[in-house]
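Under my numbering, the residues of the sequence shown are numbered 1 to 503, in order.
Ideal placement from N, C-alpha and C gives every residue a C-beta, glycine not left out.
Here the structure comes first, spelled out in structure tokens, and everything after it is commentary.
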Amino acid sequence: MGPRIVVLILLGWVMSSPAESGDPPLKVCFVSGSFEYHSDQSLIPFKRHLEARYHAEVTFLSANGNWQDLPGLEALEDCDVALFFTRRLEIDGEQLERIKRYVRSDKPLVGVRTANHGFQKFLEFDKEVFGGNYHGHHGAGITQKISPVPERSDHPILSGVDTLFSKESLYQVSPIAEDCEVLMRGETPSAATEPVVWTRTRNGGRVVYISIGGVSDFENDTFKRLLANSLFWAAGREVARKEVPLVTLERKLPKGSIPLSVRLRMESPDNKGGWMAQTETRALPLAETALLICDMWDRHWCRGATERCQALAERMDPIVELARRRGILIVHAPSETMGFYCDHPARWRAQLAPVVEPEEGPMREEPPLPIDSSDGGCDTDDQPQYQAWTRQNPAIRIDEDDMISDNGREVYNLLAHYGIKHLFVVGVHTNMCVLGRSFGIRRMTRWGLDCILVRDLTDTMYDPKDPPQVSHEEGTDLVVRHIERYWAPSTSSGDLVTALRQR
């Protein structure tokens, strides 16, 4: 029973089974018709999520790509709360009247993204119902940071909800009606803040509006919590969650080992300060080996970094999958995005391992890195430096039996628990995060891990205009050589694949 209690405390996942709650399931009606934002693609999986994790039943209505027809709206008469995610639908007649009757009877409603201009023949809907003032966007291509309003942190809708990031453009909605209560505000480097989540109560009827809702938002666990909390709050109900599947630390240990060719650099025997490349073959027991993916984000403030990371992710995923099939533990470490994965079993697992105090090895004498990235290292003209990332690049699959953490102690605890001694490191950026994070090569090496950098599955933040004024690829190679000299050997993805395919 102990591990189970630990899981629930870590998650803040309040248990309430249908039998215990004493209430019938929350009857929710999803109204979908935002074609530009692929609302069906988002709401159908969210329906499954809501019914699997919460005491709720969902009726799903869709315009099915038809701007002028939205069948099934009679379901609004029998629901406890509705969720609208439509955009400029041109319905008329009885269908539009059903929409108007529902919202004008002050029934519970949650609106997502384009719901504030959801019906082309009912544009007053935004001001009348949401108290909104939609009049455009602050600009596409910039990630927005959305934070709870401190004075509202105890609101039920914000239970278990922290700062989240969205790639959707920030809506221009200010000023909103005075009787609205703002719960979360969004900001970008180039825009003033705007309300993103707010509530309104009209004649006792509760309304919630949320101005984000792209496909990637619906894949964000924090956003899904926010939306579920909003539905229950609008309906005047306590959030009723079902029992979540138990996550344990059990792991089937793979057998055998792989023979891997690695490269390191040794000081030249002539004592003239030179370095020699040396290749050797090591036998790595599969049960004692893990692969860590460092900061392979979905977006970076530097366009060049984003493009290179995307190409790297597409090459990386099949190799990660091959390692997973051989039984190697996969550790995903996309820094500053843990909220995106707060309800993912791989995130829960990372928090379960018992604390192990590592033996701190001595600091190594290390000269400055051979490339200058003091200006951020971006090689394209971009936005100011800010947190543009929201998650790990979706091209890299995360399995429920993997691990997700951006905390070096969490990573070390789990590696120690499983008896991991060898750690492949892939990802970005070689001269920054790969070396310097709390789970990076420097720290893990000092804690006794045998780190091995996969040298062609990494990339630097480096602008060739900066010293030593070499190409970007040469700059990355210089950093790889530095790591081989002072910290860890490297291998190539080709050698790694060859080793993994041997039986």
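Between Val426 and Ile441, the gap from beta carbon to beta carbon reaches 8 Å or more. Assignment of Val161 by DSSP, reduced to helix, strand and coil, places it in the coil class. In the displayed model, Pro245 falls within coil according to three-state DSSP, outside both helix and strand. When the alpha-carbon of Pro150 is set against those of Leu496, Val182, Asp298 and Glu357, the nearest one is in Val182.
Collapsing the DSSP output to three states places Ile212 in coil.
Here DSSP, grouped into helix, strand and coil, assigns Cys294 to strand. Leu312 and Thr476 have their C-alpha atoms some 14 Å from each other. With a cut-off of 8 Å on Cβ pairs, the stretch 480-494 is in contact with the stretch 419-438, counting three or more such pairs. Here Pro358 has Tyr412 and Trp447 as same chain residues with Cβ atoms under 6 Å from its own Cβ, once five neighbours each way along the sequence are excluded.
In this structure Pro195 is buried. Its beta-carbon is surrounded by 16 or more other beta-carbon atoms within 10 angstroms.
The beta carbon of Asp379 sits closer than 8 Å to the beta carbons of Cys302, Gly304, Tyr462, Asp463, Pro464, Lys465 and His472 from its chain, once the five residues preceding and following it are set aside; these are given in chain order.
In this structure, Arg88 lies away from Gly160, with their beta-carbon atoms at least 8 Å apart.
In this structure the stretch 46-61 touches the stretch 237-245; the number of beta carbon pairs closer than 8 Å is three or more.
In the DSSP annotation of this structure, Met461 is not part of any beta strand (DSSP E), being labelled neither H nor E.
With the rule of 3 Cβ pairs closer than 8 Å, the stretch 56-70 counts as touching the stretch 22-40. Sorting Gln144, Arg185 and Gly141 by C-alpha distance to the C-alpha of Arg152 places Arg185 at the top.
Contact between Gly213 and Arg113 holds, since their C-beta atoms are separated by about 3 Å, short of 8 Å.
Here Asp80 is near Ala235, since their CB atoms are less than 8 Å apart. The DSSP assignment places complete beta strand (DSSP E) segments of no fewer than 3 residues inside the stretch 19-77 at 26-33 and 56-62, in order along the chain. In this structure, Asp495 and Leu260 form a Cβ contact; the two beta carbons are roughly 6 Å apart against a cut-off of 8 Å.
Judged by their CB atoms, Phe122 and Lys100 are nearer to each other than the 8 Å cut-off. A direct Cα-to-Cα measurement between His138 and Pro384 gives close to 16 Å. When the five nearest sequence neighbours on each side are left out, the beta carbons in the same chain lying within less than 7 Å of the beta carbon of His482 are those of Leu369 and Pro370, in order along the chain. Unbroken alpha helix (DSSP H) stretches of 4 residues or longer found wholly inside the stretch 261-326: 303-325, given in chain order.
By the Cβ-count criterion, Gly274 is exposed, with fewer than 16 other Cβ atoms from all chains shown falling within 10 Å of its own Cβ. Separation of Asn133 and His117 (C-alpha to C-alpha, rounded to the nearest whole angstrom) is 10 Å.
Where Glu97 is concerned, the enclosing alpha helix (DSSP H) starts and stops at Gly93 to Arg104. As far as DSSP is concerned, Tyr412 takes part in no beta bridge.
With 16 or more other Cβ atoms inside 10 Å of its own Cβ, Pro148 counts as buried. Under the criterion of beta carbons closer than 8 Å, Met276 and Arg263 do not qualify as touching, at roughly 11 Å. Cβ atoms of Pro394 and Asp295 stay farther apart than 8 Å, at about 15 Å.
Glu280 counts as exposed, since fewer than 16 other C-beta atoms from the protein chains shown sit within 10 angstroms of its C-beta. In the three-state scheme derived from DSSP, where H, G and I count as helix and E and B as strand, Ile441 is classed as helix. When C-alpha distances from Cys309 are compared across Gly419, Thr59, Thr430 and Phe232, the shortest belongs to Thr430. Annotation: the continuous beta strand (DSSP E) that includes Thr193 extends over Ala191 to Arg202. In this structure, Ile328 places its C-beta atom within 8 Å of the C-beta atom of Ala290.
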